[in-house]
Amino acid sequence: MKVETAAKTYLAAKVLVTAGPWLLNLRPDFAKYFSVLRQVLYWFEIEDHYQAYLPDKFPIFIWDGRPGLESRYGFPALDGRDGGIKIASPRYDPETTAETVDRTVSAKESEQMYQEQVKPFFRGIGAKCLKSAVCLYTDARHSRFGIGSLEGESDAIIYASACSGHGFKHSFAVGEALGQIALCGESKIDLSSFGFDKLEAKQEHES
436 MKVETAAKTY LAAKVLVTAG PWLLNLRPDF AKYFSVLRQV LYWFEIEDHY
486 QAYLPDKFPI FIWDGRPGLE SRYGFPALDG RDGGIKIASP RYDPETTAET
536 VDRTVSAKES EQMYQEQVKP FFRGIGAKCL KSAVCLYTDA RHSRFGIGSL
586 EGESDAIIYA SACSGHGFKH SFAVGEALGQ IALCGESKID LSSFGFDKLE
636 AKQEHES
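Residues 436 to 642 in our numbering are what the sequence shown spells out, letter by letter.
If you want it as structure tokens, here you go:
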């Protein structure tokens, strides 16, 4: 297998394609399966109860919302009082691309996040947003993963689009399995349920 890049040409027995949101640039046909979604991470100040937000008392969490209430996840005060706590709430519309995503977080967005997702649930956390960052999910329907070769194409090329926003939890295991495929020809765990033939196409209202 020959891979040509702007820097040089590589020869390899197998090629793993893990391009994240840029996967749709390489394979526009995958747009029927995946949506690229803008996500915003926020760090809000700790005004009071600092000890309650230290890692030994306040673990990393995922808080699923009740019907009509969005979910949120976050991290303890890993960088001391001045670093605040990190909180985010997944968003699943509108779609964007790796090139056109708006990486500026407005004061209005931060205020809305605080009022809806922080103030009602976290005592002692102030409205001041210390910093924010934008990242991207490459999301499939039902938060599925897409891993494997494509029917009718070389099985030496393996695509992996994981993990529909769950990379923090699963990327290490997926990476290990892909490494085993590249080096040994197969992984120690069965990845067949993540094949691209198992993915459902997006509905019209989702695109």
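For each residue, glycine too, the CB sits at the ideal point set by N, CA and C. Keep in mind the model is a prediction, meaning the values are calculated, not measured.
Could you tell me the boundaries of the alpha helix (DSSP H) in which residue i lies?
i	result
Glu-559	The identity of residue 559 in the sequence shown is Gly, whereas the question assumes Glu. Here Gly-559 belongs to no alpha helix (DSSP H), and DSSP marks it neither H nor E.
Ile-603	The amino acid at residue 603 is misidentified as Ile; the sequence shows Phe. Start and end: 602-619.
Can you tell me where the beta strand (DSSP E) with residue i in it begins and where it stops?
i	result
Gly-583	581-583
Phe-469	469-481
Glu-439	437-439
Ala-523	520-523
Ile-497	496-498
Do residue j and residue i have their beta-carbon atoms positioned less than 8 Å apart in this structure?
i	j	result
Val-452	Ile-593	yes
Arg-516	Ile-481	yes
Leu-472	Leu-571	yes
Ala-568	Phe-469	no
Gly-630	Gly-600	no
Rounded to the nearest angstrom, how far is the Cβ of residue i from that of residue j, given a contact under 8 Å?
i	j	result
Ala-448	Met-436	7 Å
Using the three-state DSSP reduction, which class does residue i fall into: helix, strand or coil?
i	result
Ser-506	coil
Leu-446	strand
Tyr-488	helix
His-640	Because His-640 sits at a pLDDT of 45, beneath the cut-off of 50, its placement in the model cannot be relied upon, and the point is left open.
Tyr-594	strand
Buried or exposed for residue i, please, with buried defined as at least 16 other CB atoms from any protein chain shown within 10 angstroms of its CB.
i	result
Ala-636	exposed
Leu-446	exposed
Ile-573	Reading off the sequence, residue 573 comes out as Thr, not Ile. Thr-573 comes out buried.
Pro-490	exposed
Cys-619	exposed
Lys-623	exposed
Taking CB distances under 8 Å as the criterion, tell me whether residue i reaches chain C.
i	result
Gly-455	No chain C appears in this structure, which consists of one protein chain only.
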